[in-house]
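Peer 1: Reading the sequence shown from the start, the letters are residues 164 to 442 in the numbering used here.
Got a structure here, written out as structure tokens. Questions coming.
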Amino acid sequence: MATPRPPLDTTTPFGRRRPGIAATAAWRLATAGLLSPSARRLVRKRLAGRFSGPFDVQVAGLKLRAYPTENRDDRVLLGRATMPEPAELALIAPRFGPGMVFVDIGANVGTYALFVAKAAGPSGRVLAFEPHPRTFAKLAFNVAANDNGAIVARNLAIAETAGTMTLHSDGGGNIGHASLLAEAAGTVRAGHEVAVRPLAAEIADQGLTRIDLLKIDVEGFEDRALLPFFDQAEPSLWPAAILIETVLSRLWRTDCLAVLAHRGYVVAGETAENVLLAR
């Protein structure tokens with residue numbers, strides 16, 4: 164059975180749902196780096212889970228409404244008051260600049276999209292894809308709360324052809340782990356039919372003429388989402404740099420890194436879970 168979700172609030176203005184002292188302290192403990200993952204889960208279950216939110220937080224100059232019981236990124240934002248995936252953000256930060264074009268495939272609640280859009284400024288372009296309907300509603304709220312017109316958010320997944328697919332989820336405490344691959348989602352307890360579309364078609368619709376940086380994190384579906392683009396788009400549209408998650412690379416049918424190396428990309432850096440490629 165899927166875990167009950169706190170009510171989704173996309174109408175209350177940002178700033179009116181701030182966490183109290185007790186909620187902040189509980190989630191700080193539940194995300195403490197000194198605790199083991201099992202200890203953090205126990206604290207979350209026994210204590211912090213009583214404070215489901217949502218809560219409005221400001222991190223790195225960004226406004227975000229966090230639902231900590233159902234999303235790891237939200238737990239980090241609330242409990243640690245830092246951005247999720249700091250090593251990855253540090254890795255790509257030297258590529259930020261005014262007017263840059265960023266494509267985010269698997270945008271979750273928008274931490275990457277908002278962080279990059281802030282650096283890109285009003286002349287930048289950010290295209291963010293998130294297929295999960297509930298997560299997309301959070302992404303859309305966060306984009307609106309930051310009043311950033313550079314971001315276009317799309318409620319769909321990227322795949323080789325247009326149509327619909329089932330997005331699988333274990334219904335647990337990290338809704339961001341949903342995947343188009345059932346084997347990537349753990350014990351599947353929930354599913355949503357979502358729209359899918361090729362990246363090349365979306366890029367054409369948005370009128371983008373270049374991509375400075377592309378980030379993809381789609382829970383083992385990276386090969387099927389990204390690689391068709393290189394057959395469907397002109398080389399001038401190929402991203403200058405790609406940040407790709409490799410945690411579930413065992414589920415790839417085609418080795419993304421090998422194919423991208425053949426396309427002229429080289430490893431420009433890596434973290435424990437991601438590889439940065441550049442050409």
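C-beta: ideal position from N, C-alpha, C; glycine also.
Please read these numbers as outputs of a predicted model, since none were measured by experiment.
1. Measuring alpha carbon to alpha carbon, tell me which of Tyr275, His331, Ile314 and Ala307 ends up nearest Pro296.
2. With a CB to CB cut of under 7 Å and the five nearest residues on each side skipped, what residues in its chain are close to Ala396?
3. For Leu439, count the other beta carbons within 10 Å of its own beta carbon; 16 or more makes it buried, fewer makes it exposed. Which is it?
4. Secondary structure at Ser332, three-state DSSP: helix, strand or coil?
5. Taking just the CA atoms, how far does Leu390 sit from Met164?
6. Within the region 377-429, note down every full beta strand (DSSP E) run reaching 3 residues or more, in order along the chain.
7. How is Asn305 classed by DSSP in three states: helix, strand or coil?
8. On the DSSP letters alone, give me the boundaries of the beta strand (DSSP E) that Glu356 sits inside.
9. Terminal residues of the continuous beta strand (DSSP E) containing Asp310?
10. Going by C-alpha to C-alpha distance, which of Val359, Ala189 and Ile314 sits closest to Leu371?
11. Out of Asp237, Val410 and Leu192, point me to the one whose CA is closest to Leu210's CA.
12. Got a sec? Which residues, its chain only, sit under 6 Å from Asp375 by beta carbon, not counting five neighbours each side?
13. Do you know how far the Cα of Gly312 is from the Cα of Arg288?
14. For Asn234 versus Leu277, is the C-beta distance shorter than 7 Å?
15. Counting only runs of 3+ residues fully inside the region 245-295, write out the beta strand (DSSP E) ranges in chain order.
16. Which term fits Thr329, buried or exposed, when burial requires 16 or more other beta carbons within 10 angstroms of its beta carbon?
17. Looking at the unbroken beta strand (DSSP E) that takes in Arg228, where does it start and where does it end?
18. Could you tell me the alpha carbon to alpha carbon distance between Arg413 and His340, rounded to whole angstroms?
19. Are the region 169-179 and the region 200-210 in contact at 8 Å, needing three or more beta carbon pairs?
20. Starting from the C-beta of Phe392, find all residues in its chain whose C-beta is less than 6 Å away, skip the five residues before and the five after it, and write them out in chain order.
21. Give a yes or no on contact between the region 193-202 and the region 219-229, applying the rule of three or more CB pairs nearer than 8 Å.
22. Suppose the cutoff is 6 Å on Cβ atoms and the five residues either side in sequence are ignored; what does the same chain contact list for Arg181 look like?
23. Provide the residue(s) that pair with Gly326 in DSSP beta bridges, ordered along the chain.
Peer 2: Let's see:
1. His331
2. Ala363 and Ile366
3. buried
4. Of the three classes helix, strand and coil, the one that applies to Ser332 here is strand, per DSSP.
5. A caution first: Met164 carries a pLDDT of 45, below 50, which makes its placement in the model unreliable, though a value can still be read off. Computed Cα separation, rounded: 35 Å.
6. 404-408
7. helix
8. Ala353 to Arg360
9. That residue, Asp310, is in no beta strand (DSSP E); it is neither H nor E in DSSP.
10. Ile314
11. Leu192
12. Met263, Val264 and Ala403
13. Each residue's alpha carbon lies about 9 Å from the other.
14. no
15. Listed in chain order, they are 264-268 and 288-292.
16. exposed
17. First-last of the beta strand (DSSP E) with Arg228: Leu225 to Ala229.
18. Their Cα atoms are separated by approximately 16 Å.
19. no
20. Leu362 and Ala363
21. no
22. Asp219
23. Val359
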